[in-house]
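Under the working numbering, the sequence shown has 37 at position 35, and the numbering climbs by one with no breaks. Using N, Cα and C, we set each Cβ at its ideal position, and we do this for glycine too. In this text, all values refer to a predicted model and were calculated from it rather than measured experimentally.
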Amino acid sequence: MATVFTMLYVLIPYQKVKFIEVFPGVVFTMGAWLAISMLFSYFVNNFTNYANIYGSISGIIILLIWLNLSCLFLLLGGEINASVAYFNNLKKIINQATSYNKGKETTVHILIVFYAKSINV
Numbered sequence: 003m004a005t006v007f008t009m010l011y012v013l014i015p016y017q018k019v020k021f022i023e024v025f026p027g028v029v030f031t032m033g034a035w036l037a038i039s040m041l042f043s044y045f046v047n048n049f050t051n052y053a054n055i056y057g058s059i060s061g062i063i064i065l066l067i068w069l070n071l072s073c074l075f076l077l078l079g080g081e082i083n084a085s086v087a088y089f090n091n092l093k094k095i096i097n098q099a100t101s102y103n104k105g106k107e108t109t110v111h112i113l114i115v116f117y118a119k120s121i122n123v
């Protein structure tokens, strides 16, 4: 599954992404997916009253809940990868600003960059 998640996070984005950049999202997604699968298995094995309540459609309902949570964790892993890439980009910008300017001007430039990035300019 780690290979599948890695391929999803590398091939799906519009920008070129390195394998090492998707590692945090893959680790999170794998952990969350395994946890939700174990909880789903525990629930299905130990709480069988849902079949009495919903009848034959109960299996489909439980499966859709599991798929919804799996997709949620897949998207959260992608968000983690995007956040890591965003902060790595800010580090590069800060390093460039400090190499060009010294002193108080550097602080002002860094604050401007953070503000511009926060309002998506």
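Legend entry - Spatially closest choice to residue 15 from 58, 38, 87, by CA coordinates: Measuring from the Cα of residue 15, the nearest candidate turns out to be 87.
Inset, instruction - Would you kindly check if the distance between the Cβ of residue 75 and the Cβ of residue 118 is under 8 Å? - result: No; because the gap between Cβ atoms is not below 8 Å, this pair is not in contact.
Inset, instruction - In angstroms with no decimal places, state the Cα-to-Cα distance between residue 124 and residue 113. - result: Residue numbering for the chain in the displayed model covers 3 to 123; residue 124 lies beyond these limits and cannot be assessed.
Inset, instruction - Round the Cβ separation of residue 67 and residue 56 to the nearest angstrom and send it over; I've been treating them as touching at under 8 Å. - result: Between residue 67 and residue 56 a beta carbon distance of about 12 Å is seen, past the 8 Å cut, so the two are scored as non-contacting.
Inset, instruction - Let me know the secondary structure DSSP gives residue 3 once reduced to three states. - result: The answer is coil: DSSP assigns residue 3 none of H, G, I, E or B.
Inset, instruction - Please confirm whether residue 70 and residue 23 have their CB atoms less than 8 Å apart. - result: Their beta carbons are not under 8 Å apart, which means residue 70 does not touch residue 23 by this criterion.
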